[in-house]
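Its first residue numbered 62, the sequence shown is counted upward by one per residue in our numbering.
Contents: one structure, followed by commentary.
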Amino acid sequence: MTRALRALSSAYVQRRTRLPAGAALDGRGKRAAFALFYGPLHFAAVWSVVDALRADGSNPGSSPSIVDAGCGTGAGGAAWALATGSTPKVLGLDVHPWAVTEAAWTYRFFGLDGRAARGDLATAR
């Protein structure tokens, strides 16, 4: 797992702009590392942002829907929806088929009204 996480970090963080779309998640080890490390990290970061917005007097739960572009495991969109305490619809978009499957599972697991689709903002409707 450590080796896969290092390889993923190199691809995902340092060489991201030079990789073909979805290449950072090629290989089972990298996908497992992403799900186990970056998924929870994204969840915690987004939850903290929503908490900070609420503490500042904003209402981050006022939107009826969330679009999570580059959703990965769906952790970010799920965290936003859950942290608001409201029930927004979540649309997760990703170019990698594995990510779409994982995001759909995440939304089901948390009981969210969510859908994951293959695509990006340019192709979303």
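Ideal Cβ positions, reconstructed from N, Cα and C, are used throughout, including at glycine.
- Given Y168 as reference, the closest of W159, G146, A140 and L182 once Cα atoms are compared: On the sequence shown, position 107 is the one that residue 168 refers to. If we check each option's Cα against that of Y168, A140 comes out closest.
- Task: Locate the beta strand (DSSP E) running through S110, then write down its first and last residues.
- Result: Translated into the one-based positions of the sequence shown, residue 110 becomes position 49. Before going on, a small fix: residue 110 reads as Val here, not Ser. Taken as a continuous stretch (DSSP letters only), V110 belongs to no beta strand (DSSP E), being part of the alpha helix (DSSP H) at G100 to A116.
- Task: Output yes or no for whether 9 Å exceeds the beta carbon distance between L143 and F171.
- Result: Here residue 143 refers to the residue found at position 82 of the sequence shown. Here residue 171 refers to the residue found at position 110 of the sequence shown. L143 places its beta carbon less than 9 Å from that of F171.
- Message: Measuring only the C-alpha atoms, how far is R89 from W159?
- Response: Taking the sequence shown and counting its residues from 1, the one referred to as residue 89 is at position 28. Taking the sequence shown and counting its residues from 1, the one referred to as residue 159 is at position 98. One C-alpha to the other measures close to 10 Å.
- Query: Expressed to the nearest angstrom, what Euclidean distance is found between the alpha-carbon atoms of A177 and F95?
  - Reply: For the purposes of this step, residue 177 is taken as residue 116 along the sequence shown, with counting starting at 1. For the purposes of this step, residue 95 is taken as residue 34 along the sequence shown, with counting starting at 1. Computed Cα separation, rounded: 17 Å.
- Query: Can you tell which of L152, G118 and H157 has the C-alpha that lies nearest to the C-alpha of K91?
  - Reply: Residue mapping note: residue 91 aligns to position 30 of the sequence shown, counting from 1. Comparing Cα-Cα distances from K91 to each of L152, G118 and H157, the minimum goes to H157.
- Query: Would L102 be called buried (16 or more neighbouring beta carbons within 10 Å of its own) or exposed?
  - Reply: Taking the sequence shown and counting its residues from 1, one reaches residue 102 at position 41. Result: exposed.
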